[in-house]
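Before any comments, here is the structure.
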Amino acid sequence: MSEMRFFIDPIRCIGCKSCMQACSECATHKGKPMIHLEYMERGNSTQTVPMVCMHCENPTCAAVCPADAIKRTEDLVVQSSLKERCIGCKNCVVSCPFGVPRYYPEMDQMMKCDMCYDRTSVGLKPMCATVCPSEALFYGTLEEFQSRRKGTPINTFEFGEQEIKTRVFLVAPDGYVNLSMDVMHHLDGRFDDGAYDHLDPFAHLEAMPMSGGLL
Amino acid sequence: MAKVPLTQQEMLDTYGPTLHYTPAGGFRTVEDYDRLVSTHCCFCGQQCGINLKVKDNAVVGFEPRTEFPFNKGKLCPKGVKRYLQGSHPDRLLYPMKRTAKGYERISWEQALEETVQKIKDIQEKHGKDSFAMLSGVSLTTEKSYLVGKFARLALQTANLDYNGRLCMVSAGAGNKKAYGIDRASNSWEDIVKARVIFVIGSNIAECFPITTDYVWRARDQGAKLIYADPRMVPMARTADLYLPLRPGTDSALLMAMLHVIIRDGLTDEKFIAEHTTGFEATKEAVKDATPEWAAKITGVPAKQIEKAARWYGEAETGMILHARGLEHHTKGVENVVSCANLALATGKIGREGCGHSTITGQGNGQGGREHGHKCDQLPGNRDITNPEHRKYIAEVWGVEEREIPGKGLSAQEILNEIHAGKIKGLLSICFNPLVSLPDANFNREALDKLEHYTVIDFFLSETAQHADIVLPGSLQEEDEGTTTSGEGRVIKINQAITPPGEARKDWEILLDIAKRLGRGKYFPYQNTREIFEELRLASRGGTADYSGITWERVEKEMGVFWPAPQTTEKGRKALRPEDLDANHPGTPRLFEGGKFYHPDGKGHFNAVAWRESAEVVDAQYPIWLTTGRVVSQYLSGTQTRRIGPLVDQYPNPRMEIHPRLAQKLNIKDGEWVTVKTRRGQITIKALVVNTIRPDTVFVPYHWGGKQSINMLTQRALDPVSKIPEFKVSACVVAKATPEEIREGEEAERLASKTEKLPLNYGLGERRKEFSR
Ligand code: SF4
Ligand code: SF4
Ligand code: SF4
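Order-wise, the sequence lines are chains V and D. With the first letter of the first sequence counted as 1, position 43 gets the number 43 in the UniProt record's numbering; the numbers rise by one all the way through. With the first letter of the second sequence counted as 1, position 21 gets the number 21 in the UniProt record's numbering; the numbers rise by one all the way through.
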């Protein structure tokens, strides 16, 4: 079994979509990304969360597939549906606890992230993890991750009764993370309702006289 | 004279922007290509290493170049999709002339002859300086050097400037004042070693995405991140300390930080005494700049300003990073020297993990401006008004010193003079001022007044649409040369393919024009390597000394940091490039041992007094307007607005507005709004976000025509750097009227069209279509 692990660290994600753009270059799914970027409400935050297939140890998607179209490789990579077998029933789409697989009508097939099997099987990193500018996506060994990075990698998830272990790790940040992005909270109190009768919050202030040389 | 000949719809149908989605010949499997060419991204100043896949003389995809030390394979979305500009349906493939009916295909012979005739006519009638040239820093350093020499010796005009004028000249001028040299002080590796990183006026996640990795690597080792910006941009979201200052108040914040550092005894007295001058005056200038004073101006709580100052002052090592948010002001230079004052006062410069760096926005912003297409500079970052500097370059060029014209006008000033009817003719290369300069309506009027305009470009940009003669030049991957990244690393651009159709390499076109102007003897080059060799000699002894750098070293060492001066007596005296040595290891970190580039060897403090921006809000225009970029677009969008997947990521400009202000103006998310300043108005959709100050709206600037926010910005310039104040205007925002909405919708419709090409449509087909 491969020692290499895939880590997702949403705190670092800058929402640039390099991962999606790079993923869509693959000849097997021409122009379509298999990694997705989830947004928190943009109005409230710039936080984005990249989502790949988690490559579950006991993949629900495969378990529910009536046509036995979803295979797993020896190194625990859960593949997209086999074209010849997939009957487009979308059972996998509904059943995946992480909401990963998608059915593509133009291909009449379920496609999802297969961890760039054409690359990882020959020792390369997945395309998204290679290009990700801020290493929100990281591909390497657990030791490498732990020696270099902060945060706690997690790969056991509970969905009601179901406990799922995955090959992909999600990184939980150390300590408290403030997800409130309202700039108001970082400003002086002059934006209080009462003071907000003029749109320039500083109009009622006198600039202090300054001394000092010019350029 | 130079009026656009067709309707907007006709222009769109014929010349795009067309959204291009598929590589030449369709998507390929991992090994399906002929060659991999190791080169660099053609966009921002980070100049990421990338491998281009080439098949049948077309770029068909990319492979990460993981061995390149700067980005190790990492790329932003622009880098990933950059290859789609090749084999693009809008690509200019033959020379054209504007007629009453539109553009008509002509021969190279005719195009060059008409251009040269017009240059001669105009210069004979109105003097040499009545013909101007505008250049761009997407050009390689070799081409930039050539343009500088071409304008001065072939066109014999003083009026040459470049689009870096809109980028980071304030940083350049500020750095020169403080340190005597115009370059980021460190290689990016020093960011990783810093204990505190202070980012001000730079949306690094969207504009310089690879830098985020360096910041994170530092933070993994416990470094603190301080972020100052009117918007909570993606990196600010996670910062340890966030300072949402009002646009235009950077220097007040920086002065207050210096005030606290001095007050609390956090200065490095030994460093100040041994390695700097001017501290007393600067100290005096900030004596009243208390955090409370700055809080009133900036809106940032005094406590937070104190904290930022203490964190930066107390840390053992620290880096200051800034970009256009700090520099695009009428006091951009003052802002930059205010940062330098902090670095000098705490001795946080010239040693490991310390530094003060500007992040270069444009591809070759660094290399381009050092070697001569800036109106006030000669190669090697030499001063065009300095007699000794002139004499040396005259010697290298084999001319009399008096033959080199003096200091010319800057980019916006050239447009101003065209508008005033004093400059009559223009030659431009890779510069789209109609989108990138402020006050677009004024500049459009100016272009319409030109007697003659020839453009060299690869797409028909908004500006190129005003040209009389269009000469198809080359894309970055169609030529070879060097660029210099934001770090100061000279890197090698390799040729992947030859120019398609009748398009030619830019330098060959310039050489041809020079020959026809009877000045061919000054341009004897057979290839760009020979230009680089001459540049080495020309830069020798200047502050931007490239003389010790060779193409071979650049390739082998994956970049060499300038300056790399001569190390031998023979090299220092050489009169021929072949006698120069290449021993100097290069200089990743400047100022080691406190040695600066001023004649006195010291770092200079510059006292700054606080002043307001050129335009401030008032009852009529009560909201601050600021501008910037989005991650999927680059500069004026000439290239990126043609790449389908990038446009899909952020198709049209949106105005960011805080819910508080939106509520007051009764504007909902996604609604059409009209933003208006004293220069003009645009109607776009609102993006209601609480990640912006409630008194400020933000609009990205990459779009043209009626979507161009630069119709609204002002031509006010920094007195030293002549950079326009893009980052601060006073505006009024209102719900759009039905008529305005119709205009906005029309503008979106005319922004681009989607390609209707077969999936495997490639360069071969394109050539066939255009063969006679
Ligand atoms: S994450 Fe979803 S698609 Fe991926 S293996 Fe698990 S169940 Fe299947
Ligand atoms: S490439 Fe990385 S930073 Fe960019 S969107 Fe994807 S995961 Fe986020
Ligand atoms: S645009 Fe800049 S950050 Fe993006 S890939 Fe190109 S050089 Fe790198």
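No residue lacks a Cβ here, since even glycine has one placed at the ideal position from N, Cα and C.
(request) Find out if the Cβ-Cβ distance for the pair phenylalanine 591 (chain D), glycine 136 (chain D) is shorter than 7 Å. (result) No; because the gap between Cβ atoms is not below 7 Å, this pair is not in contact.
(request) Confirm, please, whether the CB-CB distance from alanine 194 (chain D) to asparagine 159 (chain D) is below 7 Å. (result) In this structure, alanine 194 (chain D) does not lie closer than 7 Å to asparagine 159 (chain D) by Cβ.
(message) On the DSSP letters alone, give me the boundaries of the alpha helix (DSSP H) that cysteine 116 (chain V) sits inside.
(response) From DSSP, cysteine 116 (chain V) is part of no alpha helix (DSSP H); its letter is neither H nor E.
(message) So, at 8 Å on beta carbons, what are the nonlocal neighbours of valine 697 (chain D) in its own chain, with the 5 sequence-adjacent residues on each side left out?
(response) In the same chain as valine 697 (chain D), and ignoring 5 residues on each side of it, the C-beta atoms closer than 8 Å to its own belong to Ile623, Trp624, Leu625, Thr626, Met655, Glu656, Ile657, Leu661, Val675, Cys731 and Val733, in chain order.
(request) Might you give, ordered along the chain, the residues of its own chain that have their beta carbon closer than 6 Å to the beta carbon of glutamate 704 (chain D), omitting 5 neighbours on each side? (result) The residue you asked about is not glutamate; residue 704 (chain D) is glycine in the sequence shown. The residues are Val435 and Glu462.
(request) Assign serine 138 (chain D) to one of two classes, buried (16 or more other C-beta atoms within 10 Å of its C-beta) or exposed (fewer than that). (result) Its Cβ being crowded by 16 or more others within 10 Å, serine 138 (chain D) is buried.
(message) Using C-beta distances below 6 Å, list every residue in its chain close to glycine 174 (chain D), excluding the 5 sequence neighbours before and after it, in chain order.
(response) Within the same chain, glycine 174 (chain D) has close Cβ partners Val333, Val336 and Val337.
(message) In whole angstroms, give me the CA-to-CA distance for leucine 37 (chain V) and cysteine 128 (chain V).
(response) It is roughly 12 Å from the alpha-carbon of leucine 37 (chain V) to the alpha-carbon of cysteine 128 (chain V).
(request) Would you give the residue range spanned by the alpha helix (DSSP H) that cysteine 339 (chain D) belongs to? (result) Looking at the DSSP string, the run of the alpha helix (DSSP H) that includes cysteine 339 (chain D) is 332 to 345.
(request) Please name the residue or residues paired with leucine 228 (chain D) in a DSSP beta bridge. (result) It should be pointed out that residue 228 (chain D) corresponds to alanine in this sequence rather than to leucine. In the DSSP output, where bridge partners are listed per residue, alanine 228 (chain D) has D:Ile200 and D:Leu243.
(request) Tell me where the beta strand (DSSP E) around isoleucine 469 (chain D) begins and ends. (result) First-last of the beta strand (DSSP E) with isoleucine 469 (chain D): 469 to 472.
(message) If you measure from each CB to the nearest heavy atom of ligand 1 and keep those under 6 Å, what residues do you get, in chain order?
(response) Residue selection by CB proximity (closer than 6 Å to any heavy atom of ligand 1) returns V:Cys53, V:Met54, V:His55, V:Cys56, V:Pro59, V:Thr60, V:Cys61, V:Val78, V:Cys96, V:Phe98, V:Val100, V:Pro101 and V:Lys112 in chain order.
(message) Using a Cβ-Cβ cutoff of less than 8 Å, which residues in the same chain neighbour leucine 241 (chain D) once the five nearest sequence positions on both sides are dropped?
(response) In its chain, beyond the 5 residues on either side, Lys224, Leu225, Ile226, Tyr227, Gln304, Lys307, Ala308 and Trp311 have a beta carbon closer than 8 Å to the beta carbon of leucine 241 (chain D).
(request) List the residues of chain V that valine 30 (chain D) touches, going by C-beta distances under 9 Å, in chain order. (result) Neighbours of valine 30 (chain D) on chain V, chain order: Cys26, Ala27, Asp118, Arg119, Val122 and Leu124.
(request) Check histidine 275 (chain D) in the structure and name its three-state DSSP category. (result) Three-state DSSP puts histidine 275 (chain D) in a helix.
(message) Using DSSP's beta-bridge definition, name the partner residues of valine 689 (chain D).
(response) Valine 689 (chain D) is bridged by DSSP to nothing; it lacks a bridge partner.
(request) Report the rounded CA-to-CA distance for alanine 716 (chain D) versus arginine 165 (chain D), giving the unit in angstroms. (result) So the alpha carbons of these two residues sit roughly 13 Å apart.
(message) Among the candidates D:Val60, D:Thr211 and D:Ala302, whose CA atom is the shortest distance from the CA of methionine 255 (chain D)?
(response) When each option's Cα is compared against that of methionine 255 (chain D), the closest is D:Ala302.
(request) Report whether the distance from the Cβ of glycine 594 (chain D) to the nearest heavy atom of ligand 3 is below 6 Å. (result) No, the beta carbon of glycine 594 (chain D) sits no closer than 6 Å to any heavy atom of ligand 3.
(request) Just mark aspartate 600 (chain D) as buried or exposed, buried being the case when its beta carbon has 16 or more other beta carbons within 10 Å. (result) Counting of Cβ neighbours within 10 angstroms places aspartate 600 (chain D) among the exposed residues, the total staying below 16.
(request) Let me know the secondary structure DSSP gives threonine 14 (chain D) once reduced to three states. (result) It is helical.
(message) Please give the ranges of any beta strand (DSSP E) in the stretch 99 to 134 of chain D, keeping only runs that are unbroken, at least 3 residues long and fully inside the region.
(response) Qualifying beta strand (DSSP E) stretches, in chain order: 102 to 105.
(request) Let me know the secondary structure DSSP gives proline 153 (chain V) once reduced to three states. (result) If DSSP states are grouped into helix, strand and coil, proline 153 (chain V) belongs with the strands.
(request) Indicate, with yes or no, if ligand 3 has a heavy atom lying under 6 Å from the CB of leucine 75 (chain D). (result) For ligand 3, at least one heavy atom lies less than 6 Å from the Cβ of leucine 75 (chain D).
(message) Can you tell me whether threonine 7 (chain D) is buried or exposed? The criterion is at least 16 other CB atoms within 10 Å of its CB, across all chains shown.
(response) With a threshold of 16 other beta carbon atoms within 10 Å, threonine 7 (chain D) falls short and is exposed.
(message) Quick check on DSSP: helix, strand or coil for threonine 141 (chain D)?
(response) Annotated three-state conformation of threonine 141 (chain D) is helix, per DSSP.
(request) Using a cut-off of 7 Å between C-beta atoms, extract the partners of isoleucine 128 (chain D) located in chain V. (result) Checking the sequence, you will find lysine at residue 128 (chain D) rather than isoleucine. Result: empty, since nearest Cβ-Cβ is about 33 Å, beyond 7 Å.
(message) So, for glycine 194 (chain V): in the same chain, excluding its five sequence neighbours on each side, which residues have a beta-carbon less than 8 Å away from its beta-carbon?
(response) Confidence in glycine 194 (chain V) is poor, its pLDDT being 43 and thus under 50, which makes the residue's placement too unreliable to answer from.
(message) Please list the terminal residues of the continuous beta strand (DSSP E) segment that includes leucine 580 (chain D).
(response) Bounds of any beta strand (DSSP E) do not take in leucine 580 (chain D), whose DSSP letter is neither H nor E.
(message) Just to confirm the assignment: which complete alpha helix (DSSP H) runs, minimum length 4, are found wholly within the UniProt domain "4Fe-4S Mo/W bis-MGD-type" (34 to 90) of chain D?
(response) Within the UniProt domain "4Fe-4S Mo/W bis-MGD-type" (34 to 90) of chain D, the complete alpha helix (DSSP H) runs of at least 4 residues are 77 to 81.
(request) Check whether the Cβ of proline 234 (chain D) lies closer than 6 Å to any heavy atom of ligand 3, and answer yes or no. (result) Checking the Cβ of proline 234 (chain D) against ligand 3 gives no.
(message) Report the CB separation of glycine 586 (chain D) from tryptophan 562 (chain D) in whole angstroms; it is logged as a contact under 8 Å.
(response) With a Cβ gap of about 7 Å, glycine 586 (chain D) and tryptophan 562 (chain D) count as contacting.
(message) Strictly under 7 Å for the Cβ-Cβ distance: is arginine 772 (chain D) near chain V by that measure?
(response) Residue placement at arginine 772 (chain D) is poorly supported in this model, since its pLDDT is 42, which falls under 50; the coordinates still yield a value, given next. Output row for arginine 772 (chain D): interface = no.
(request) List the residues of chain V whose Cβ lies closer than 8 Å to the Cβ of leucine 75 (chain D), in chain order. (result) Within chain V, the residues near leucine 75 (chain D) are Ser18, Ala22, Val131 and Pro133.
(message) Only counting the same chain, and skipping five residues up and downstream in sequence, which positions put a Cβ closer than 6 Å to that of serine 134 (chain V)?
(response) Residues Arg12 and Ile14 of the same chain have their beta carbon placed closer than 6 Å to that of serine 134 (chain V), with the five preceding and five following residues left out of the count.
(message) Using only CA atoms, which one of D:Glu109, D:Gln639 and D:Ile119 lies nearest to serine 752 (chain D)?
(response) Of D:Glu109, D:Gln639 and D:Ile119, the residue nearest in Cα terms is D:Gln639.
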